[in-house]
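Novice: In terms of the working numbering, the sequence shown is residues 707 to 919.
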Amino acid sequence: MAKYYIGIDLGGTFIKGGIVNENGEIVASDKVPTEVEKGDHGVTANIARLAKMLLEGEGLTTADVQGLGIGSPGMIDSANGVVVYANNLGWNNFNICDELSSPLDGIPVKIGNDANVAALGEVKFGAARNYNSAIMITLGTGVGGGIVVDGKLIEGNKGAGAELGHIVIEVDGEQCSCGRRGCFEAYSSATALIRDTRRAMEAHSDSKMWEIG
707 MAKYYIGIDL GGTFIKGGIV NENGEIVASD KVPTEVEKGD HGVTANIARL AKMLLEGEGL
767 TTADVQGLGI GSPGMIDSAN GVVVYANNLG WNNFNICDEL SSPLDGIPVK IGNDANVAAL
827 GEVKFGAARN YNSAIMITLG TGVGGGIVVD GKLIEGNKGA GAELGHIVIE VDGEQCSCGR
887 RGCFEAYSSA TALIRDTRRA MEAHSDSKMW EIG
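(1) So, is Ile-918 buried or exposed, given that buried needs 16 or more other C-beta atoms within 10 angstroms?
(2) Nearest by alpha-carbon distance to Phe-800: which of Tyr-893, Asp-783, Gln-772 is it?
(3) My output table needs one value for Asp-736: the three-state DSSP class, helix, strand or coil.
(4) Tell me Ala-792's beta-bridge partners as DSSP assigns them.
(5) Can you give me the start and stop residues for the beta strand (DSSP E) that Ala-840 sits inside?
(6) Roughly how many angstroms separate the alpha carbons of Ala-734 and Asp-770, rounded to a whole number?
(7) CB-CB under 6 Å to Asn-838, same chain, minus the five flanking residues each way: which ones, in chain order?
(8) Have a look at Ala-757 and Gly-723 and give me their C-alpha separation to the nearest angstrom.
(9) Could you check whether Cys-803 and Gly-780 sit closer than 9 Å to each other, using their CB atoms as the reference points?
(10) Given a cut-off of 9 Å, decide if Arg-887 and Glu-869 are closer than it, judged by their beta-carbon atoms.
(11) Taking the C-alpha atoms as reference points, what is the distance between Asp-902 and Asp-878?
(12) Please say whether Tyr-711 and Ile-721 have beta carbons closer to each other than 9 Å?
(13) At what residues does the alpha helix (DSSP H) containing Gly-763 begin and finish?
(14) For Tyr-710, which beta-bridge partners are listed by DSSP?
(15) Tell me which same chain residues have a C-beta within less than 6 Å of the C-beta of Ile-776, skipping the five on either side of it?
(16) Quick one: what's got a C-beta closer than 7 Å to Ala-824's C-beta in the same chain, skipping five residues either side?
So, in structure tokens, the structure goes:
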């Protein structure tokens, strides 16, 4: 009998989901708006709705699923299934795994920091599958990181041990969203690129960027 799993990428704008088989192959995928304004319970309901949409599309039920895993931004207590703090979701100490148990008929639900689980996924099935140890950097609105050593995910304190984007690379440098200055994220993220582009445009009134900006 085939084994299936549901993976959820929880973002501030969209919730993306997929059904994978035991070989890590994606058999179905879709997304729904996150709707952060609905609060933690509303977002959880959207996750459950997406999971059911995926299953129905493949003619499956929760009985066919071994478990559901969530990659979430923020500090995550993966052992207890709690989002300790997620700024872009506005969540504090929310036990999302318990919340999802009932609407998903009690299938096991696990959660981890999104960059951490992305790194683990690459080691298990992706670009780093031929290696036992790897470091992954995620670039987007911010900068995230995941560390796998000897096949084991290194999470640290509440999933924050591999927050590589908040390594200080310039003492007293650019302001970072975390409150400190000089973080890697403050120089290498999409947010930093946009900031630096605006500064360059303001310093050069003849820049071609004004034609498309």
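A virtual CB, placed ideally from N, CA and C, is assigned to each residue, including glycine. Bear in mind that the values here come from a model prediction, so they are computed numbers and not experimental data.
Specialist: Here's the rundown:
(1) exposed
(2) Asp-783
(3) strand
(4) Trp-797
(5) 840-845
(6) 14 Å
(7) Asp-856, Gly-857
(8) 7 Å
(9) no
(10) no
(11) 17 Å
(12) no
(13) 745-763
(14) Asn-727, Val-771
(15) Ile-714, Leu-716, Ile-817
(16) Gly-777, Met-842, Thr-844, Gly-852
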